[in-house]
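Chains as they are written, first to last, in our numbering: chain A, 1 to 205; chain B, 206 to 818.
Backbone N, C-alpha and C fix where the C-beta goes; we use that ideal spot for every residue, glycine too.
Take a look at the structure below.
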């Protein structure tokens, strides 16, 4: 996909990130619909080494941040502000596995109709039960049982998260199988429920 | 390279710093380095700083302090504080606060922005005098937990003061920069740093991650209505009780009594930072009440304990937000005048389980960090980068009074997020959206920042237009909103009505007013200054006329005498520039005198005057 490889608009070097050319140090004009993987210069995939992501984010921040364009022409100041903003959002999204999974699914499923509300079999009933239990515990301020419940929810959440990587991998191998994406959607929906319950538990000292 | 100074606009004191050839340092020396954030109204304008401080008791109804606590707030939010403050506060349009000056009609009302501007003007003037150059741009610090309205108010104050705000940065972050970039400090260059900042009126706790050149704020929490002022107020309440036991007839509602109580509380607090016990005397001459007693440090510490506990609650909260345990905090840095109170310091040390960094003066460290950031913005260095966050979520009101977050708290700035809105009915051409800031679920628990009206939406079927509203928070932490209708591609008009702030129009009007005044003020100041110089120079010449008689010719001496007469005439006039020109001319005439060894010492001042011009 040669045409997909973006080049610097001044020196024509192939760009690592669509936002900046490390070769001639030029800010790059970029389209609004740019995806977060292009922003940070990584292939569109769930697999991402967090140390590499961190390093690239820092590298780009040190070039793009508006602090370094204080005396630049106004157009450049504005571009640096917009570029830094999208860099920050891209980093935040890709850094957090759940957000990354949700974002990647959104990219991959663009042309497919997914059931956006799907949940695992029997999940809802289970959640209602847990919710009632949590209400009671919160009323009784039972900190021991609350923290046990916190751990339980946390473990369920981790189990779901552990499935993202293999599911995305499976999708890479069988891109025609839309059932895999639907499965991912179901996982993400379930995780959101768990997160909301977790947010209601106050953190113990 | 133009200079961008750093200004710490504090509740109690304000100061500025810059990077000199020798390194970053506060601008000015001794008393001139620190401007108490106090103003006092006189006929021709304001006295600011030390001069105003002196009038707190002699002229309480015209003297204003702790203005920072009013910035971007309304009457309801101030609560009890309104009764504690020794000056009157009234509420104007759009809940805009105003400080009322004067004992009777006609009152003069001033917004906190205008009053802060006077402090900034003073700081700017002092910096200009010390640096010998004009200062146009500044980095101004604010508490990390300041919301959008409070930041906007600070920026408006700077604009009114004639300063271009190069950046608004958070106080704890500024402190972290000062420590992190100071080679003399043994602060780890990679790791998590907690900055505990307790000032006169605000408290902040920020956790930063230092890695290489980057200072990244991970999370911040705080309370913009908690500080050393509250320690004073707690003391004031105790003092009142003690006095009433002996003098049941005593009363404290008048501005003078409030100022006397506050001033005594401040000095007790300071004394108890140095010794375990202090004696104080309170005199209320108008009531014929005099009261003397002791205060023990244990009593003071138990008095402020609940307040300090509140700050530690914030510390727990911020750790939770940063997803860090206490053990993962590598360094603790203390900032702000209230951290010198031994009882406060001890509690922080116990909480974090390590001794905090205090090597850089906690009064100066914020200004120094701001000065370094100013140096970076001016292009003087680019070996570090500060990545800061917005402290509280930004969002809008949705159905049923719920708060829908568009940008979450602790998000790295700059940041942009968009949200799409539509119409409810056919041919609707405008939508009103209310903007809030906060961390709670319901808008009634969040701060209303303003309302924007989307206008010029092309008439379409209800629910059909797609109005994309872009929320943009710049590197100053300040929000701007823009909008466009996606189907027609038309840019929707947007009008933001700030709830606690000044509109652009109001800022401009104040600036016009103050610009006219500023010329007069400046002229007046210079007149006073040049008149004093002339007096000193005359004395110098007259006392040492014998030197002139031996060193100068008759003609030269006559010319000097004539010019002295011209200067005398100018002194009586009102034109400072004319006076300066005549003084300069006198300097020229006495120049040959300065070349003689004896003349040099006498006339240095005069020659110095000329050399400066």
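Beta strand (DSSP E) segment containing residue i, residue limits
i: residue 414 of chain B; result: 408-416
i: residue 36 of chain A; result: Looking at the DSSP string, residue 36 of chain A is not in any beta strand (DSSP E); the run it does join, the alpha helix (DSSP H), is 36-40.
i: residue 855 of chain B; result: Beyond the ends of chain B as shown, which are 206 and 818, falls residue 855 of chain B; an answer cannot be given.
i: residue 436 of chain B; result: That residue, residue 436 of chain B, is in no beta strand (DSSP E); its alpha helix (DSSP H) goes 433-451.
i: residue 539 of chain B; result: 536-540
i: residue 623 of chain B; result: 620-626
Opening and closing residue of the alpha helix (DSSP H) in which residue i lies
i: residue 123 of chain A; result: 123-140
i: residue 144 of chain A; result: 143-173
i: residue 188 of chain A; result: 178-200
i: residue 362 of chain B; result: 353-365
i: residue 84 of chain A; result: 74-95
i: residue 573 of chain B; result: 570-582
i: residue 385 of chain B; result: 376-385
i: residue 61 of chain A; result: 50-64
i: residue 782 of chain B; result: 781-794
i: residue 553 of chain B; result: 547-557
i: residue 762 of chain B; result: 759-777
i: residue 334 of chain B; result: 317-336
i: residue 281 of chain B; result: 280-283
i: residue 289 of chain B; result: 286-289
Rounded distance between the beta-carbons of residue j and residue i, thought under 8 Å
i: residue 349 of chain B; j: residue 565 of chain B; result: Not a contact, Cβ separation roughly 18 Å.
i: residue 398 of chain B; j: residue 413 of chain B; result: 5 Å
i: residue 429 of chain B; j: residue 351 of chain B; result: 6 Å
Residue-chain proximity (residue i, chain B), Cβ-Cβ < 9 Å
i: residue 86 of chain A; result: yes
i: residue 89 of chain A; result: yes
i: residue 92 of chain A; result: yes
For residue i: DSSP bridge partner residues
i: residue 590 of chain B; result: B/419
i: residue 501 of chain B; result: B/482
i: residue 251 of chain B; result: B/246
i: residue 610 of chain B; result: B/600
i: residue 689 of chain B; result: B/673, B/696
i: residue 651 of chain B; result: According to DSSP, residue 651 of chain B bridges with nothing at all.
i: residue 240 of chain B; result: B/219
i: residue 488 of chain B; result: B/495
i: residue 229 of chain B; result: B/224
i: residue 25 of chain A; result: Note: residue 25 of chain A sits in no beta bridge, so no partner.
i: residue 213 of chain B; result: B/220, B/346
i: residue 396 of chain B; result: B/415
i: residue 753 of chain B; result: DSSP output for residue 753 of chain B lists no bridge partner at all.
i: residue 305 of chain B; result: B/293, B/314
i: residue 562 of chain B; result: B/538
i: residue 372 of chain B; result: B/344
Chain A within 9 Å of residue i, Cβ atoms only
i: residue 372 of chain B; result: yes
i: residue 587 of chain B; result: yes
i: residue 582 of chain B; result: yes
i: residue 393 of chain B; result: no
i: residue 774 of chain B; result: no
i: residue 715 of chain B; result: no
i: residue 578 of chain B; result: yes
i: residue 294 of chain B; result: no
i: residue 379 of chain B; result: no
i: residue 765 of chain B; result: no
i: residue 209 of chain B; result: yes
Taking a cut of 7 Å between CB atoms, which residues from the segment 51-81 of chain A lie near chain B? 58, 61, 62, 65, 66, 67, 68, 70, 71, 81
Give the residues from the segment 672-685 of chain B that approach chain A closer than 9 Å (Cβ to any Cβ), ordered along the chain. 677, 678, 679, 680
Between the segment 591-621 of chain B and chain A, which residues of the former have a C-beta closer than 8 Å to a C-beta of the latter? 591, 592, 616, 617, 618, 619, 620, 621
Please list, in chain order, the residues of the segment 404-435 of chain B that have any C-beta partner in chain A closer than 8 Å. 416, 417, 418, 419
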